[in-house]
Amino acid sequence: MLTSVIIILREALEAALLISIMLALHQNLHFYRRWLVSALCLGSIGAFFYASHFGQISEWADGRGQEIVNGISLFIISLCLAGQIIGVTDHDGHSHLLTLGATTIITLSLVREGAEIIVYYSTIGIHPEKMSSMIIGGIVGFGLGICIGILVFVLLSRITRQNLVITTSIFLALITAGLMTEVMQSAIQSGFVITDEPLWDTSAFIPEASVAGQLLYAVFSYESSPTAEEAIIWAITNLVLLSVAIWNHRHSINVKAS
Amino acid sequence: MRLFSGVLCMMLLAPLAVYAEEPVFHIAISNHLFVPDNLAVPAGIRFKLVIENKDATPEEFESFELNREKVVMGNATATVYIGPLKPGTYPFFGEFNPETAQGQLIATPAHNGAQ
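Residue numbers (my numbering), protein chains in the order written: chain Y, 12 to 269; chain F, 16 to 130.
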């Protein structure tokens with residue numbers, strides 16, 4: 012049962028965190044939040060489609076299909092997250108684009124995470140004796156992920172608009188940098204990018220398998236032994252997006268003062 | 016322009032040349048166990064690990080130490096590129112059956128050759 016809890020919690024937590032941050036931001040900007048319903052529907056359909064063709068897709072490009080789909084979807088999610096950070100200053104002028112971006116982010120996240128959950132649960136048909144423990148474990152893992160998502164949403168909802176925008180922008184920048192390192196990791200794993208040995212190893216301080224490591228992975232895609240390519244893409248993404256977030260924050264303070 | 020074209024061609028062809036020289040290692044998944052569960056691999060070079068899942072159920076090959084994660088469908092084969100690794104031991108497990116599906120790569124400086 013613990014295996015099911017861990018698998019579902021890991022998948023649910025990433026999606027739940029993104030949903031709660033996007034919802035809190037869009038609620039504060041007084042946008043319609045009906046995009047969430049569209050994203051949940053599209054994401055569920057996409058996850059079932061991806062899971063039902065997982066075998067064939069994996070065979071694409073000499074067995075690199077999974078990495079290509081993962082890399083492209085993570086790259087699109089990263090671009091849309093960057094768009095949220097950049098476009099939030101002029102949010103009234105870009106409301107349609109920001110809403111479309113939020114729908115894309117959640118839909119693609121659900122397709123990725125959902126497909127893996129469906130593939131995992133497809134084993135029930137072959138091992139029916141594990142059904143009860145897998146279902147109970149899944150409900151517990153899913154419930155925990157939802158609870159953490161709700162907690163984050165409630166905490167963010169209590170922040171004032173100006174502070175919320177900078178807070179969510181910083182979180183989204185860190186998440187985007189983490190996702191970009193996962194894009195690079197997909198390219199390395201599939202052999203498209205050739206790397207050197209990892210730059211450092213922090214697994215003795217924060218093992219990735221630990222609770223802290225898993226939480227850091229869910230939020231920031233924590234990697235204990237990154238390669239130079241992963242570290243560089245993480246640093247550049249953070250530098251650019253955090254600079255934009257701070258510039259936007261200062262700009263909004265100046266506009267308010269004048 | 017000619018120099019640029021030459022550099023571009025070298026950049027495009029260089030990875031292909033590397034693919035041809037990379038050693039290939041094989042492991043299988045059978046009854047939710049990795050076979051072999053200990054595999055000697057060379058440190059300091061990149062290699063291909065081919066994972067053949069002989070079970071009917073899918074499994075996810077995962078290793079925090081190797082930073083690799085890939086679903087291998089039932090009765091299917093998956094490939095991941097690994098390394099270059101520093102000498103040491105790198106545990107991996109099957110995320111869908113972590114109690115039984117466990118193994119490790121042992122990276123040593125000596126050239127072990129492809130299996």
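In this text, a Cβ means the ideal position worked out from N, Cα and C, and glycines have one as well.
Apart from sequence neighbours up to five positions away, the residues of its chain that approach Phe164/Y with a beta-carbon distance below 7 Å are Ser31, Leu34, Ala35, ordered along the chain. Under the Cβ criterion of 7 Å, Phe111/F is counted among the residues facing chain Y. Contact between the segment 203-210 of chain Y and the segment 235-248 of chain Y is present, with at least three C-beta pairs closer than 8 Å.
It is roughly 6 Å from the alpha-carbon of Ala93/F to the alpha-carbon of Gly74/Y. For Lys101/F, the closest Cβ of chain Y is nearer than 7 Å. The three-state reading of DSSP puts Phe49/F in strand, counting E and B together.
When 7 Å is used as the limit between beta carbons, Gly74/Y is near these residues of chain F: Ala93, Thr94, in chain order. Rounded to whole angstroms, the gap between the alpha carbons of Gly89/F and Ile44/F is 10 Å. By the Cβ test, the segment 249-264 of chain Y is in contact with the segment 183-202 of chain Y, since at least three Cβ pairs between them sit closer than 8 Å.
Contact between the segment 217-225 of chain Y and the segment 192-201 of chain Y is not established, with fewer than three Cβ pairs separated by less than 8 Å.
With a threshold of 7 Å between beta carbons, Ile137/Y makes contact with chain F. Taken through DSSP and simplified to helix, strand or coil, Ser221/Y comes out as coil. The beta-carbon of Pro73/F is placed less than 7 Å from the nearest beta-carbon of chain Y. Here His41/F is bridged, per DSSP, to Val65/F. The three-state secondary structure of Tyr43/Y, taken from DSSP, is coil. Within the model, the alpha-carbon separation for Met195/Y versus Gly154/Y is close to 31 Å.
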